[in-house]
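A short write-up of the structure that comes next.
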Amino acid sequence: MAYARMAGSGGQGLPPCGACGLGCRMIVLLNKPHDVLCQFTDAGGRQTLADLVPVKGVYPAGRLDRDSEGLVVLTDDGGLQARIADPKHKLAKVYLAQVEGVVTEDALARLCAGVTLNDGPTLPAKARAVAEPDWLWPRVPPIRVRQTVPDGWIELSLREGRNRQVRRMCAAVGLPCLRLIRWRVGDWTLEGLASGEWRQA
Numbered sequence: 019m020a021y022a023r024m025a026g027s028g029g030q031g032l033p034p035c036g037a038c039g040l041g042c043r044m045i046v047l048l049n050k051p052h053d054v055l056c057q058f059t060d061a062g063g064r065q066t067l068a069d070l071v072p073v074k075g076v077y078p079a080g081r082l083d084r085d086s087e088g089l090v091v092l093t094d095d096g097g098l099q100a101r102i103a104d105p106k107h108k109l110a111k112v113y114l115a116q117v118e119g120v121v122t123e124d125a126l127a128r129l130c131a132g133v134t135l136n137d138g139p140t141l142p143a144k145a146r147a148v149a150e151p152d153w154l155w156p157r158v159p160p161i162r163v164r165q166t167v168p169d170g171w172i173e174l175s176l177r178e179g180r181n182r183q184v185r186r187m188c189a190a191v192g193l194p195c196l197r198l199i200r201w202r203v204g205d206w207t208l209e210g211l212a213s214g215e216w217r218q219a
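Residue numbers (our numbering): 19 to 219.
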């Protein structure tokens with residue numbers, strides 16, 4: 019795995035910022051690989067954001083669990099961090115989930131309507147079956163796929179952010195999640211970012 023790879027700069031979402039050195043807001047977009055903790059330190063010596071983003075003073079606005087991949091937005095602006103991370107602001111986040119089993123219309127309808135988890139019912143979501151993305155990078159290590167069991171992909175858009183919510187929602191409709199990638203947070207996407215790369219927004 020290559021670390022601290024900076025992709026070409028691109029502007030998405032809010033105006034360009036952070037480069038003037040006069041207290042401007044800094045926003046960093048990272049494509050977090052699998053098996054990296056969404057924090058900057060770890061007493062156990064596991065891989066963290068510090069291995070990927072050599073930018074001081076920025077912190078993740080919302081998290082991805084260690085097993086998940088994709089877009090993490092980091093910023094030095096506490097107000098922006100709260101607006102992204104706090105579910106009350108209902109900022110849309112779009113995920114791509116590879117699931118075990120056949121993705122049926124019934125399962126999609128249940129996800130769209132909201133399912134009941136152990137911490138209560140979820141808000142209605144947007145869910146649709148999609149093909150495996152042609153831009154997808156190989157996961158390291160590869161997922162364990164059972165040759166006798168079909169799998170499929172779901173695009174899921176949420177406006178809340180509970181712990182491991184997408185995985186739990188998929189499991190609740192009988193589709194265990196094999197791989198999970200966050201593609202979009204608000205107006206920011208992974209476009210142009212390889213796994214482990216980051217850029218300033």
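Idealized CB from N, CA, C, for every residue including glycine.
Going straight from the alpha carbon of residue i to that of residue j, what length do you get?
i, j, result
"residue 152", "residue 62", "36 Å"
"residue 108", "residue 177", "4 Å"
"residue 167", "residue 196", "12 Å"
"residue 246", "residue 181", "In this structure the chain extends from 19 to 219, so residue 246 is not present and cannot be described."
"residue 99", "residue 91", "9 Å"
"residue 60", "residue 126", "37 Å"
Can you tell me whether residue i is buried or exposed? The criterion is at least 16 other CB atoms within 10 Å of its CB, across all chains shown.
i, result
"residue 64", "exposed"
"residue 94", "buried"
"residue 145", "buried"
"residue 203", "buried"
"residue 212", "exposed"
"residue 131", "exposed"
"residue 138", "exposed"
"residue 208", "buried"
Could you tell me which of the options sits nearest to residue i, measuring between CA atoms?
i, options, result
"residue 162", "117, 57 and 103", "117"
"residue 194", "54, 164 and 89", "164"
"residue 133", "186, 155 and 208", "186"
"residue 174", "81, 119, 110 and 44", "110"
"residue 71", "48, 82, 59 and 79", "48"
May I ask you to report which of helix, strand or coil DSSP gives residue i?
i, result
"residue 91", "strand"
"residue 71", "coil"
"residue 128", "helix"
"residue 213", "coil"
Could you spell out the range, first to last residue, of the alpha helix (DSSP H) harbouring residue i?
i, result
"residue 186", "183 to 190"
"residue 98", "96 to 103"
Hey, could you find the ends of the beta strand (DSSP E) residue i is sitting in?
i, result
"residue 175", "169 to 176"
"residue 150", "Segment: none, residue 150 is in no beta strand (DSSP E) and carries neither H nor E."
"residue 116", "111 to 118"
"residue 198", "195 to 203"
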